[in-house]
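The sequence shown runs 9 to 272 under my numbering.
We put the beta carbon where it would ideally sit given N, CA and C, even for glycine.
Bear in mind that the values here come from a model prediction, so they are computed numbers and not experimental data.
Encoded as structure tokens, the structure appears first; notes follow it.
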Amino acid sequence: MDSEKKAVPAVKSDSFMSRFGRRNVILVSSIVIVLAVIATLTSQVISWNEADERLVHQSAFTGNLTVINQAGPYLKAFGTTSAYKKVISINFTGDANATASAIVPLIPIRFLDTTTGGARGVSRFRLPGNVPAAESGALRGLLKIHEEFGSQETLISNLLMRATTENVKASARMMSVEQHYSGGNGQLSQDFADQLTNGIFVTEQIISTGERDKSDDLGNLSKQQRVTINIKMDDEGNTLRNAPILGAYGITVVDASIIDIDYE
Numbered sequence: 009m010d011s012e013k014k015a016v017p018a019v020k021s022d023s024f025m026s027r028f029g030r031r032n033v034i035l036v037s038s039i040v041i042v043l044a045v046i047a048t049l050t051s052q053v054i055s056w057n058e059a060d061e062r063l064v065h066q067s068a069f070t071g072n073l074t075v076i077n078q079a080g081p082y083l084k085a086f087g088t089t090s091a092y093k094k095v096i097s098i099n100f101t102g103d104a105n106a107t108a109s110a111i112v113p114l115i116p117i118r119f120l121d122t123t124t125g126g127a128r129g130v131s132r133f134r135l136p137g138n139v140p141a142a143e144s145g146a147l148r149g150l151l152k153i154h155e156e157f158g159s160q161e162t163l164i165s166n167l168l169m170r171a172t173t174e175n176v177k178a179s180a181r182m183m184s185v186e187q188h189y190s191g192g193n194g195q196l197s198q199d200f201a202d203q204l205t206n207g208i209f210v211t212e213q214i215i216s217t218g219e220r221d222k223s224d225d226l227g228n229l230s231k232q233q234r235v236t237i238n239i240k241m242d243d244e245g246n247t248l249r250n251a252p253i254l255g256a257y258g259i260t261v262v263d264a265s266i267i268d269i270d271y272e
């Protein structure tokens, strides 16, 4: 009888750690972490500006604001940036699939004869770039816009959309629905672009009363009244306007048009 125990062969470990080595795993993990840190730091030091945008950069060290106009890489240096499109478009055609900076519903209007409807159109605005500060130190150009509004979204909602809406409504109030229906949309669109660029006209309503028709019943004392709009002039014959709200920010109108009106 054999009393000696047979030797059990050792099971060879085939784990990843045994094959690759714990030291190598630690080394590779360290390299990955270092590369991730480098990539993160690089993105905070150097970033990229798109060709159709301007950036307002605020220094992380001094807090100073600068405008970055050049497309391509720029030195971010841990600062913060806010992007503004060079040209901002507002689409109020009702087309949800349109390409624009802001897509909004039709703008409600009221014609001179109180007929209501919805205006469909587009307005496009060019923002200023880097403009030197005034002698008083007040910011101008895109820096003034950023100082007051803080972002492109707020600029659109609080200024550009308001200017568009006010001027569409003001233009519609200058004509009757009959004038518009008789081919006046071109004039309506022209008035919209003119007033958006140069300021809303100072106007007055003129009510002319027609004579009662002789065939009318004597008991009917109603008379036909016609309301027209007169644009006021100064003593030198220049058109009187309200100051354009976009002018204070150096924003120019690239295009503004009313395509048509949906009558209610």
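- Judged by DSSP secondary structure, R62 falls within the beta strand (DSSP E) whose first and last residues are 61 to 66.
- Excluding the 5 residues flanking it on each side, S184 has same chain C-beta neighbours closer than 7 Å at F119, L120, D121, in chain order.
- Excluding sequence positions up to five before and after I208, its CB lies within less than 6 Å of the CB of A178, N250, all in the same chain and listed in chain order.
- Our two residues, G194 and T74, have alpha carbons roughly 42 Å apart in a direct line.
- By the C-beta density criterion, R62 is buried, having at least 16 other C-beta atoms within 10 angstroms.
- Taking one beta carbon from each stretch, the region 106 to 114 and the region 255 to 263 have fewer than 3 pairs nearer than 8 Å; the two do not touch.
- In the DSSP assignment, L73 falls within the beta strand (DSSP E) that extends over 73 to 76.
- Put simply, of L254, E272, D268, S265 the residue whose alpha carbon is nearest the alpha carbon of P136 is L254.
- The alpha carbon of K240 has as its nearest neighbour, out of I214, R234, S265, Q187, the alpha carbon of I214.
- Comparing alpha-carbon positions, the option among N246, D60, R148 lying closest to A79 turns out to be D60.
- Residue nearest to V130 within the set I41, P113, A91, W56 is P113 (criterion: CA-CA distance).
- Annotation: S159 to S90 spans about 7 Å, alpha carbon to alpha carbon.
- Of the other Cβ atoms in all chains shown, fewer than 16 fall within 10 Å of the Cβ of I54; this residue is therefore exposed.
- The beta carbon of T101 lies closer than 8 Å to those of L114, R128, G129, V130, I267 in the same chain, with the five residues before and after it left out.
- Of the residues assessed, S197 falls on the buried side of the cut-off, its CB having 16 or more other CB atoms within 10 angstroms.
- For A142, there is no enclosing alpha helix (DSSP H), as DSSP marks it with neither H nor E.
- Straight-line measurement puts the Cα of E212 at about 40 Å from the Cα of N105.
- Around the beta carbon of L167, a 10 Å sphere encloses 16 or more other beta carbons of the protein chains shown; the residue is thus reported as buried.
- Looking only at V36, T88, I164, V235, the smallest Cα-Cα distance to N99 is reached by I164.
- K94 and N206 have their C-alpha atoms roughly 21 Å apart.
- For the region 103 to 158, the continuous alpha helix (DSSP H) assignments of 4+ residues that do not extend past its boundaries occur at 149 to 157, in sequence order.
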